[in-house]
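Numbering-wise, the sequence shown is residues 461 to 740 according to UniProt numbering. Backbone N, C-alpha and C fix where the C-beta goes; we use that ideal spot for every residue, glycine too.
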Amino acid sequence: GAKKHLSADFDYFSCDMEEHTRWRLDLIRQLKHDFHAERLAVWYQPQVAIHSGEVVGVEALLRWPSEAGFVQPPSVFVPLAEYSGLIVEIGEWVLSEACKAYHVLSPLQESPLRIAVNVSMPQFRTGNLTERVASRLGSSRVPPSALELEITESIAMDEPKTVIAALESLRALGISVAIDDFGTGYSSLAQLRALPIDRLKIDRAFVDEIRDGKGGLFAETIVTLGKKLGLRLIAEGVETPEQAGFLRALGCGEAQGFFYARPMPLEELRDWLAARQARQ
Ligand code: C2E
Ligand code: MG
Ligand code: MG
Ligand code: MG
461 GAKKHLSADF
471 DYFSCDMEEH
481 TRWRLDLIRQ
491 LKHDFHAERL
501 AVWYQPQVAI
511 HSGEVVGVEA
521 LLRWPSEAGF
531 VQPPSVFVPL
541 AEYSGLIVEI
551 GEWVLSEACK
561 AYHVLSPLQE
571 SPLRIAVNVS
581 MPQFRTGNLT
591 ERVASRLGSS
601 RVPPSALELE
611 ITESIAMDEP
621 KTVIAALESL
631 RALGISVAID
641 DFGTGYSSLA
651 QLRALPIDRL
661 KIDRAFVDEI
671 RDGKGGLFAE
681 TIVTLGKKLG
691 LRLIAEGVET
701 PEQAGFLRAL
711 GCGEAQGFFY
721 ARPMPLEELR
731 DWLAARQARQ
């Protein structure tokens, strides 16, 4: 009968779950091992001022290389690193790498270069994120004004008190804060207004919708909202000149995406940046 059928389904489901759990635990173990064996990498993607085409920043993006390419993409292993708490250590390492990248790349620039680093909830839960970040910037001799931290909307809503206090102390040091993937979370306008932030990063999903002169409704709404709140704006996932032009017309200051450049290893980005400066 129906009951039997349901329980059979359930057994199948739980077995599958177990296998999935084992796969996740194996992957976490492997990630931890490879991180300690210094096998992770940080790649960098330029952030560009749309009106001038000038590179204004670079976002640090984790990679887990293997002989055959990559073990897993960040969309798979970053959540596991978050779940296991490993992201606290890994995140500090990413910041230290980004600080090194700053010293390699900023001499190639006429204007100041920003380094953007993603931060996860477990890093806020340490209770001393600001001290950790400040101490790394100090030992790396990177000015706080050169650092932008990217946090997702859900982080900001998770434990608002903890997060708001940390963001306030980070910003008091001169570090800026961007809300990543903006528009995909569930924050209310009231919550958004309470957040001490500097920038909204328009999610790729809304940039994707800009095609054939149409579909920019959400991008436009986010730009309008950001401007009213006095926030700076960047769009992620810009893949075509049309999207860049559309965003520029809306008044979105900056963009990041394959149209400008893909994420690259540091050496490659250094050469790319040098060649770009030489052309100008
Ligand atoms: P994110 O912070 O939103 O990063 C932007 C993602 O969009 C990156 O994916 C980037 O490679 C991709 N991207 C950039 N331009 C384009 C484009 O024009 N088209 C398309 N289709 N994609 C584009 P990636 O590197 O796979 O990273 C995925 C996510 O993993 C990041 O999303 C971020 O949430 C997380 N992540 C990466 N590195 C770190 C890290 O060091 N710490 C933490 N906590 N999370 C990280
Ligand atoms: Mg990001
Ligand atoms: Mg993003
Ligand atoms: Mg994204």
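Find the nearest neighbour of residue 617 within the set 693, 648 and 603, judged by alpha-carbon distance. Along the sequence shown, one-based indexing puts residue 617 at 157. Residue 648 is the option with its Cα nearest to residue 617.
Got a sec? Which residues, its chain only, sit under 6 Å from residue 468 by beta carbon, not counting five neighbours each side? In the sequence shown, counting from the first residue as 1, residue 468 sits at position 8. Since pLDDT at residue 468 reaches only 47, below the 50 mark, its modelled position is unreliable, and no value is offered.
Do we get a CB-CB distance below 8 Å when we pair residue 675 with the residues of chain C? Annotation note: the requested chain C is absent from the structure, which comprises a single protein chain.
Give the range of the alpha helix (DSSP H) segment to which residue 551 is assigned. Counted from its first residue, the sequence shown places residue 551 at position 91. Counting along the chain, the alpha helix (DSSP H) containing residue 551 begins and ends at 547-565.
Hey, would you say the C-beta of residue 615 is under 7 Å away from at least one heavy atom of ligand 1? To locate residue 615, count along the sequence shown from 1; it is residue 155. No, the Cβ of residue 615 stays beyond 7 Å of every heavy atom of ligand 1.
If you reduce the DSSP assignment to three classes, tell me which class residue 648 lands in. The residue labelled residue 648 in the question sits at position 188 within the sequence shown. Coil, per DSSP.
DSSP on residue 718, reduced to helix/strand/coil? If you number the sequence shown from 1, residue 718 lands on position 258. If DSSP states are grouped into helix, strand and coil, residue 718 belongs with coil.
Rounded C-alpha distance that separates residue 562 from residue 697: For this step, residue 562 is matched to residue 102 along the sequence shown. For this step, residue 697 is matched to residue 237 along the sequence shown. The alpha-carbon atoms of residue 562 and residue 697 are separated by roughly 23 Å.
Any heavy atom of ligand 2 closer than 7 Å to the Cβ of residue 618? Indexing the sequence shown from 1 puts residue 618 at position 158. No, the Cβ of residue 618 stays beyond 7 Å of every heavy atom of ligand 2.
Between residue 613 and residue 578, what straight-line distance do the alpha-carbon atoms span, to the nearest angstrom? Here residue 613 is taken as the residue at index 153 of the sequence shown, counted from 1. Here residue 578 is taken as the residue at index 118 of the sequence shown, counted from 1. So the alpha carbons of these two residues sit roughly 12 Å apart.
With distances taken from CA atoms, which of 606, 620 and 625 is nearest residue 589? Translated into positions along the sequence shown, residue 589 becomes position 129. When each option's Cα is compared against that of residue 589, the closest is 625.
Rounded C-alpha distance that separates residue 601 from residue 722: Counting from 1 along the sequence shown, the entry for residue 601 is found at position 141. Counting from 1 along the sequence shown, the entry for residue 722 is found at position 262. Using only the alpha carbons, I get a separation of about 27 Å.
Mind checking which residues open and close the alpha helix (DSSP H) that includes residue 696? Locating residue 696 in the sequence shown gives position 236, counting from the first residue. Element bounds for residue 696: not the alpha helix (DSSP H) but the beta strand (DSSP E), 692-696.
Should residue 522 be labelled buried (16 or more other beta-carbon atoms within 10 Å of its own) or exposed? Looking up residue 522 in the sequence shown gives position 62. Answer is buried; the Cβ neighbour count reaches 16.
Where do the N-terminal and C-terminal ends of the beta strand (DSSP E) with residue 700 fall, by residue? On the sequence shown, position 240 is the one that residue 700 refers to. First-last for residue 700: undefined, no H or E at that position.
Give the single residue among 481, 495 and 548 whose Cα lies nearest to the Cα of residue 587. Translated into positions along the sequence shown, residue 587 becomes position 127. Considering only alpha carbons, the answer is 548.
Can residue 607 and residue 597 be called in contact, C-beta distance under 8 Å? The count along the sequence shown starts at 1 and reaches residue 607 at position 147. The count along the sequence shown starts at 1 and reaches residue 597 at position 137. It is a contact, given that the beta carbons lie within the stated cut-off.
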